[in-house]
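Step one of this worksheet: look at the structure below.
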Amino acid sequence: MNSRAQIRVLPDGHRLHMHDGPIDLILQAFGTRFEVESAYQAASRRFVTVLDELCRELRLLRQQWCENLVLQGPIACRMLGAVAPYGSSTFITPMAAVAGAVAEEILHAMTSSAELSKAYVNDGGDIALYLAPGEEFSIGMVGRPDQPSLFGASQICSSDGIQGIATSGWRGRSFSLGIADAVTVLARTAAEADAAATMIANTVDLPGNSKISRVPACELAPDSDLGMLLVTQSVAPLTAFEVHCALQAGVQYANDLFRRDLIISSALHLQGRTEIAGTAEFLSNDARARRNLLHA
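Structure (structure tokens):
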């Protein structure tokens, strides 16, 4: 029995907080009281097994993707499947999808055990969603975790086919090879969104620009799966042209992922400017949309 995991209902009486080592989730289910309680019990039972399950395959999960890489656990297999479309052309490990895959697994436990109208599992900004027919969620996009303010908003309906949201950038909790403050991706699953957000954020970049400070990932975290790859540590104020060039590199890559059916939509944010790639109807950086979300 895992005695490390901490699970508690938040003061609002509706959301559940789950913490175990590096995994920190906030989730909420909507439905009758009985169904919500059933969903939370199922989520709790599954959550206490997650970290140990991942640790058993951690050595493989930190390896670069290859066709011969074989994993066993359901979360690990989700991670592997999410990064596979990128592995043949660039460096990526299954860890690029870990947060989204964990959120998916907990959501699956909830929806398999209860009849809910809607639910979400938020793993540090990587979110798995469930929406019954006719239901919807409003979401906001945050550019900097240290200065939480919205740079955009989205209204997601059950018919949209969006079950995953993920955000990546150099200011986030994970390392990035690029300079995006935030890249938010909407996709069919949370694991797919997580992998795509990581890859798009890596391409928002100005290679060789002296305003960007980078260090090998292993100097910051010796066990990082990125090893000697240079990760961004600081970005000085950029000119409008530099911001444009960096964002356009990311937009071009994101639109390619959209054409390959790997994402549904994405918003790329850098030093106060936002660009939309993919299906534009789902994401808005309109100020009025942000105000409506804040007052909902």
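Quick note on numbering: the sequence shown equals residues 32 to 327 in this note's numbering.
Heads up, the beta-carbon is just placed ideally off N, CA and C, and yes, glycines get one too.
- Item | Proximity of L160 and I193 at Cβ, strictly below 8 Å | yes
- Item | Residues of its chain near V73, where Cβ-Cβ distance is below 8 Å and the 5 sequence neighbours each way are ignored | Position check: residue 73 holds Ala in this sequence, whereas Val was assumed. For A73, where only same-chain residues beyond five positions count, the Cβ hits under 8 Å are A140, M141, S143, S144 and A145.
- Message: Quick check on S244: does DSSP put it in helix, strand or coil?
- Response: strand
- Looking only at DSSP bridge pairs, what is C188 linked to? E167
- Alpha-carbon spacing of A60 relative to Y71, whole angstroms: 8 Å
- Query: So what's R319 in DSSP terms, helix, strand or just coil?
  - Reply: Confidence is the limiting factor: at R319 the pLDDT is only 37, short of 50, which leaves the residue's position unreliable, though a coordinate-based value still follows. R319: helix per DSSP, three-state reduction.
- Query: Whose C-alpha, out of I54, G203, C249 and I196, is nearest the C-alpha of V81?
  - Reply: I54
- Euclidean distance between Cα positions of K149 and A298: 24 Å
- Following the continuous beta strand (DSSP E) through A218, name the residue where it begins and the one where it ends. A213 to A218
- Query: Could you check where the alpha helix (DSSP H) with E273 kicks off and where it finishes?
  - Reply: A271 to R290
- Item | Reference A221; option with closest CA among L260, Y284 and I295 | I295
- Task: Decide if V216 is buried, meaning its Cβ has at least 16 other Cβ atoms within 10 Å, or exposed.
- Result: buried
- Would you list, in sequence order, the uninterrupted alpha helix (DSSP H) runs of no fewer than 4 residues that lie entirely inside the stretch 117-147? 129-144
- Item | 6 Å Cβ shell around H50 - same chain, five flanking residues per side excluded | Q37
- Count the other CB atoms, across all protein chains shown, that sit within 10 Å of the CB of N99; report buried if there are 16 or more and exposed otherwise. exposed
- Where the alpha helix (DSSP H) through V67 begins and ends: R64 to R87
- Message: Can you tell me whether R90 is helix, strand or coil according to DSSP?
- Response: helix
- With a 10 Å radius around its C-beta and 16 neighbouring C-beta atoms as the bar for buried, classify S255 as buried or exposed. buried
- Item | Collapsed DSSP secondary structure at I231 in the structure displayed | helix
- Task: Please look up how many angstroms separate the CB atoms of A211 and H300, rounded, as I've assumed it's under 8 Å.
- Result: 7 Å
- 6 Å Cβ shell around R46 - same chain, five flanking residues per side excluded: I57 and Q59
- With which residues is E306 paired in a DSSP beta bridge? L299
- Query: How long is the line joining the alpha carbons of A285 and R87, rounded to whole angstroms?
  - Reply: 33 Å
- Query: What residues match up with H48 in a beta bridge as DSSP calls it?
  - Reply: R39 and I57
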